[in-house]
Amino acid sequence: MADAARAARLADRIKVIVAQALERRIKDPRLGFITVTDARVTNDLQHATVYYTVYGSEEEQASTRAALESAKGILRSEVGKNITARLTPTLTFVADEVPVNAAHLEDLLRKTRERDAELAAASEGAQYAGDADPYKKADEEDAEEQA
1 MADAARAARL
11 ADRIKVIVAQ
21 ALERRIKDPR
31 LGFITVTDAR
41 VTNDLQHATV
51 YYTVYGSEEE
61 QASTRAALES
71 AKGILRSEVG
81 KNITARLTPT
91 LTFVADEVPV
101 NAAHLEDLLR
111 KTRERDAELA
121 AASEGAQYAG
131 DADPYKKADE
141 EDAEEQA
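Residue numbers for the sequence shown follow full-length UniProt numbering, beginning at 1 and rising by one.
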């Protein structure tokens, strides 16, 4: 069993190899504007998961997914030629959900800023119903007792 540091180094190398192979070797017209974002290898170096994003519509993403599945053998052979491991890991391609999650968070932050602005506008001319600070402080009690 390999150590985690070696698996991380191998994952970085696989990410670079797959990205270069997609750019230079794979000529599938279904392959869209793809970016390899990450790769992870199990500690036994047997399986590699490659994360990718595709810029485009759902149809383009689906066609890119199909192109990656059909090119999996070529990409695995490229990885096998360029790494120094005894066995070539199997490749699994997973669409990276980070851009979708980031867009969702940006939308939530935008809505929160709008609500904060509405609340600030509503409380602009407001006054306290009683004193600004209705609680007595210890210093005030001591001053009243001494007087």
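We put the CB at the ideal spot given by N, CA and C, even for glycine.
- Counting along the chain, residue 17 sits inside the alpha helix (DSSP H) bounded by residues 4–24.
- Distance check between residue 12 and each of 37, 21 and 26 places 37 closest, using alpha-carbon atoms only.
- For residue 107, no pairing in a beta bridge is given by DSSP.
- For residue 90, the enclosing beta strand (DSSP E) has its first and last residue at 90–95.
- Note: residue 48 is bridge-paired with 41 and 91 in the DSSP secondary-structure output.
- The C-alpha of residue 25 is placed about 12 Å away from the C-alpha of residue 77.
- Annotation: the continuous alpha helix (DSSP H) that includes residue 67 extends over 58–70.
- Spatial neighbours of residue 66 in its own chain (CB-CB distance under 7 Å, excluding positions within 5 residues in sequence) are listed in chain order as 30.
- The alpha-carbon separation between residue 17 and residue 102 amounts to approximately 27 Å.
- Exposure of residue 111 is indicated by the presence of fewer than 16 other C-beta atoms within 10 angstroms of its C-beta.
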